[in-house]
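The next block holds one structure in the form of structure tokens; read it before the comments.
Below you can see the structure in the form of structure tokens.
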């Protein structure tokens, strides 16, 4: 993997207030592959005690998007154009593990997927379309 791309991605993570708010810690960053851990807190649970679907969707968008970012030229950026999330089972644990993979990179659009695990069980699967754009300065 291009070390400059990896460094830029990790720098973006450090300065991204929302990703930091979520507490996402990246464990793998390679071409087309990103993996991360995210701790869970009581305020992320809905009335029955299960983790709210919006938390899973936010993590899936983040990880699939950063996977797409690894396949993006340094002079470009990515924005989510579309995201589909399937909730497969309730997440009750203390931590989420997310694995993002680029399925089809392109010059103008990337297609990525993200699987999210809780207590070693697949709880969510997402797919997203990410537009390759000029960064706003």
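In my numbering, the protein residues as written are 185 to 321.
Just so it is clear, CB atoms sit at the ideal spot from N, CA and C, and this is done for glycine as well.
When secondary structure is reduced to three states using DSSP, residue 216 falls in the coil class, being assigned neither helix nor strand. Two segments are said to touch when three or more pairs of C-beta atoms, one from each, lie closer than 8 Å; by this definition the region 232-241 does not touch the region 249-264. Residue 317 and residue 260 do touch by the CB rule: their CB atoms are close to 7 Å apart, below 8 Å. Per DSSP, the beta-bridge partners of residue 310 are 269, 298. Boundaries of the alpha helix (DSSP H) around residue 188: 187-199.
About 14 Å separates the Cβ atoms of residue 286 and residue 315, ruling out a contact at the 8 Å cut-off. By the C-beta criterion, the region 194-211 is judged not to be in contact with the region 269-277, since fewer than 3 inter-stretch pairs fall below 8 Å. Annotation for residue 285: no alpha helix (DSSP H) segment contains it, though the beta strand (DSSP E) segment containing it runs 279-288. Minimum Cα-Cα distance from residue 222 among the listed residues 207, 215, 213, 188 corresponds to 207. Within its own chain, the residues whose Cβ lies closer than 7 Å to the Cβ of residue 245, once the five positions on either side in sequence are excluded, are 264, 267, 312, listed in chain order. The beta carbons of residue 277 and residue 224 sit about 7 Å from each other, so the pair counts as a contact at 8 Å.
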